[in-house]
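J.:
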Amino acid sequence: MDGQDPSYISNLPPSHYSPMIPPLTTDGKYNMYDTNVNENKPFNDVNGMLQQIMSIVDQSLDEAQARKHAFNQSRLKPAFFQVLCEIKEKTAINIRNFPEDDPPDSQLMRLDNMLLAEGIAGPERLGGSSSSSASMNAAASINDDSALEHGDYRAKLTQIRQLYHSELEKYEQACNDFTSHVINLLREQSRARPISPREIDRMVSIIRKKFSTIQLQLKQSTCEAVMILRSRFLDARRKRRNFSKTATEVLNEYFYSHLSNPYPSEEAKEELARKCGISVSQVSNWFGNKRIRYKKNIGKAQEEANLYASKLANQAAQGGGGGMHRDSDSPHQAESTRKVRSRVTK
DNA sequence: GCTCATGATTGCTA
DNA sequence: TAGCAATCATGAGC
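Residue numbers are given in full-length UniProt numbering: position 28 of the first sequence equals residue 28, and the series is strictly consecutive.
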């Protein structure tokens, strides 16, 4: 929609324009050379103003500037432009209308939440993210190698965070620059064209939407980078580490001292996890593997069982004790004992 | 490089 | 949902 195309006016009911608009020529254009139109006619009626504007493209730059200046001085100009703005609102401009109060994009919200959770977005936290830190701490508590990797992980996460913020800043700067440029341009143009403040707002909104699409892509690629980093550092299969000797001993001691019921309760698992510096799920994995491998190789396991039995006997003789509860401490365990015995003899 | 040990994962069952 | 069984992937010893 520009000021040189009068088509939107011709679509209006005659009451809107007939007294003002010059007669149309046979090819559908306005007769710029109508004898009633004086080229130097001052901007003192709407018909004349329209004619002056329509013919402005045929003039030299100086002439056009002079006419534009005179036009801006006209007392009718504000009302005239207001009418034209209303016409634009009611006609062609509606095609470009879009809902101004879009619901928040769910994908964007998911990405924002993830970036927050990973410590990429939001205020910087010591040690990076809380969730990833927790999982990394569990992994890193076993040995120094893991601790080093933890540091490496955090360094890489910080790198991603810095890159994300620097890119985000660039996008925001570019968006603001471009928006203010367009606003200035439209305001300048509004001196000679019917551009309402609402139309400017709409244009700003369009620009912001375009830039937010770019931001979305940035957030997506940042999330991907974090995912790749996490899978590289946290993929347990690739980074499998044997538990420390102490941890294995603690677990074996519990296993063989509860051989008839090698099913630690949640509390026992937590205690074992704390003692061994591993997670509860690792304790569960260990007992799962241990039970199945014990069952498969009961001969060899028996030797190991004897070893731990004598060790426990020594501890008992010295008045020590492992601190963990023994077999048949509870009715629940007695029931479990029956269960495991029937399973092992399957 | 091969073999065995071992921690983790997956699919299934009760 | 916990546990079993099979399997994968990696570590460690030789």
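C-beta atoms are modelled at their ideal positions from N, C-alpha and C, and glycine is treated no differently.
Run the CB neighbour count on residue 348, radius 10 Å, all protein chains shown included, and call it buried at 16 or more, exposed below.
T.: Residue 348 cannot be examined here, being either before or after the span of the chain that is shown, 1 to 346.
J.: What three-state label does DSSP hand R118 in the structure shown?
T.: Looking at the sequence provided, one finds Glu at residue 118 rather than Arg. Here E118 sits in coil by DSSP.
J.: If you draw a straight line from the C-alpha of I87 to the C-alpha of D177, how long is it?
T.: 31 Å
J.: S212 to A225, Cα distance in whole Å?
T.: 20 Å
J.: Return yes when the Cβ of L251 is within less than 7 Å of the Cβ of W286, no when it is not.
T.: yes
J.: Taking the beta carbon of E169 as the centre, do at least 16 other beta carbons fall within 10 Å, making it buried, or is it exposed?
T.: When all chains shown are included, E169 counts as exposed.
J.: Taking only three categories from DSSP, how would you classify L278?
T.: Note that residue 278 is Ile in the sequence shown, not Leu. It is coil, neither helix nor strand.
J.: Given 8 Å as the limit, is there contact between the stretch 272 to 290 and the stretch 241 to 256, that is, 3 or more CB pairs closer than that?
T.: yes
J.: Return the Cβ separation of T222 and Y308 in integer angstroms, given the expectation that the two are a contact with Cβ distance under 8 Å.
T.: Between Y308 and T222 the Cβ distance is about 50 Å, and since that is not below 8 Å, they are no contact.
J.: What are the boundary residues of the alpha helix (DSSP H) that D62 is part of?
T.: 61 to 73
J.: What's the gap between the Cα of Y8 and the Cα of R161?
T.: Note that Y8 scores a pLDDT of 40, beneath 50, so its modelled location is shaky; the value from the coordinates is reported in the next line. Straight-line Cα distance between these residues: approximately 51 Å.
J.: Would a C-beta distance cut-off of 7 Å place Y171 and Q220 closer than the cut-off?
T.: Cβ atoms of Y171 and Q220: not closer than 7 Å.
J.: Quick one: is Q282 buried, meaning 16 or more other Cβ sit within 10 Å of its Cβ, or exposed?
T.: buried
J.: To which residues of the same chain is K68 closer than 6 Å at the C-beta, ignoring the five residues directly before and after it?
T.: Answer for K68: A192, listed in chain order.
J.: Would you mind reading off the limits of the alpha helix (DSSP H) that contains A305?
T.: Where A305 is concerned, the enclosing alpha helix (DSSP H) stretches over 298 to 317.
J.: Could you tell me the alpha carbon to alpha carbon distance between F81 and I195, rounded to whole angstroms?
T.: 8 Å
J.: Between which two residues does the alpha helix (DSSP H) containing V257 stretch?
T.: Inspection of the sequence shows that residue 257 is occupied by Ser rather than by Val. Element bounds for S257: 245 to 257.
J.: Pick from M109, G299, Q51, R208: whose alpha carbon is nearest that of R173?
T.: Correcting the residue identity first, residue 173 is Gln in this sequence and not Arg. Checked all of M109, G299, Q51, R208; the closest Cα to Q173 is R208.
J.: Can you tell me the Cα-Cα spacing of Q59 and N72, whole angstroms?
T.: 17 Å
J.: I'd like the list of long-range same chain contacts for L116, defined as Cβ closer than 6 Å, with 5 residues on each side in sequence excluded.
T.: G122
J.: Just how far apart, CA to CA, sit M203 and A70?
T.: 28 Å
J.: In whole angstroms, give me the CA-to-CA distance for Q85 and K210.
T.: Contrary to the premise, residue 85 reads as Cys rather than Gln in this sequence. So the two alpha carbons sit approximately 25 Å from each other.
J.: Hey, out of E89, A66, Q159, E167, whose CA is closest to Q217's CA?
T.: Q217 has its Cα closest to that of E167, out of E89, A66, Q159, E167.
J.: Would you mind sorting E267 into buried or exposed? The rule is 16 or more other CB atoms within 10 Å of its CB.
T.: exposed
J.: Distance, Cα to Cα, D62 vs M109?
T.: 53 Å
J.: Could you spell out the range, first to last residue, of the alpha helix (DSSP H) harbouring I87?
T.: 77 to 90
J.: Rounded to a whole number of angstroms, what is the C-alpha to C-alpha distance between I206 and T179?
T.: I206 and T179 have their alpha carbons spaced roughly 10 Å apart.
J.: How about Y256 and A305: do their beta carbons lie closer than 7 Å?
T.: yes
J.: State yes or no: is the C-beta of I200 within less than 7 Å of the C-beta of L186?
T.: yes
J.: Given a threshold of 16 other Cβ atoms within 10 Å of its Cβ, counted over all protein chains shown, does N261 qualify as buried or as exposed?
T.: buried
J.: Note down, in chain order, each residue of its chain lying with its Cβ closer than 7 Å to the Cβ of S284, except the 5 sequence neighbours on either side.
T.: K269
J.: Can you tell which of S265, I278, Y254, L157 has the C-alpha that lies nearest to the C-alpha of R240?
T.: I278
J.: Does DSSP classify P242 as helix, strand or coil?
T.: Position check: residue 242 holds Asn in this sequence, whereas Pro was assumed. In the three-state DSSP reduction, N242 falls in the coil class, being neither helix nor strand.
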